[in-house]
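*Asks:* This note's numbering numbers the first residue of the sequence shown as -11 and each following residue consecutively. Have a look at this one.
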Amino acid sequence: MSDAVRTGRLSRRMFLTAFAVVALILAGVVSYLASSAPDGLDSTTLQGCEMLEASGAEQLVGTCIAQHATEHSLAGSPLADYAVNGTEMTNGIAGVIGVTITLMVAFCAFRVVAWRPRQRTSAAD
C-alpha cells in the first residue's frame, strides 16, 4: 500500500481523476432525470401566450414577453437543446460531451495560468 493511501492523503492526480470520473458519471446519469418541461424563466416568458401550430410551424399567440423571440443563432449546433443533433434520449451523451469539453478547457486554462518559465541555472552556480 502506498504512503498516500496509508496516511489518508490523496495525491492531486488521484483527486482530479476521481473528480472527473464522478462528474462524467453524474453528467451521463443525472441528465436522463432532467425535466423536459420549461424552466422558470421559459415558463415566465410564455405566460399569457398559447402555442399554435400553423402550416408545420409553431407560433405564439397572445401577449407574452417571448412573443417576438427568435431562434438562437446556435439552435442548429450539434448539442442544442441538451441532445446530440436533436435526437431524443441522447441528453446523457450530450451531458458527458459537455462535461468533457468543460474539463478540457478548464485544464488548459489552469495550465496557462500556472505556467512559469523554467529558470536556467548556470554552471557557475
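Glycine included, C-beta positions come from ideal geometry on N, C-alpha and C.
(1) Are L34 and A54 closer than 7 Å when you measure CB to CB?
(2) Per DSSP, what are the beta-bridge partners of E41 in this structure?
(3) Which residue marks the beginning of the alpha helix (DSSP H) containing V72, and which one marks its end?
(4) Leaving out five residues on either side along the sequence, give the residues of the same chain with a beta carbon under 6 Å from the beta carbon of I81.
(5) Decide if A6 is buried, meaning its Cβ has at least 16 other Cβ atoms within 10 Å, or exposed.
(6) Measuring CA to CA, which of Q47, R1, T51 is closest to T58?
(7) When we look at the beta-carbon of S19 and count the other beta-carbons within 10 Å, is it buried (16 or more) or exposed?
(8) What separation, rounded to the nearest whole angstrom, lies between the Cα atoms of E38 and V49?
*Replies:* By the coordinates alone:
(1) yes
(2) E46
(3) Premise fails: V72 is in no alpha helix (DSSP H) and is neither H nor E.
(4) V72
(5) exposed
(6) For T58, the nearest C-alpha among the options comes from Q47.
(7) It is buried - the Cβ of S19 has at least 16 other Cβ atoms within 10 Å.
(8) 5 Å
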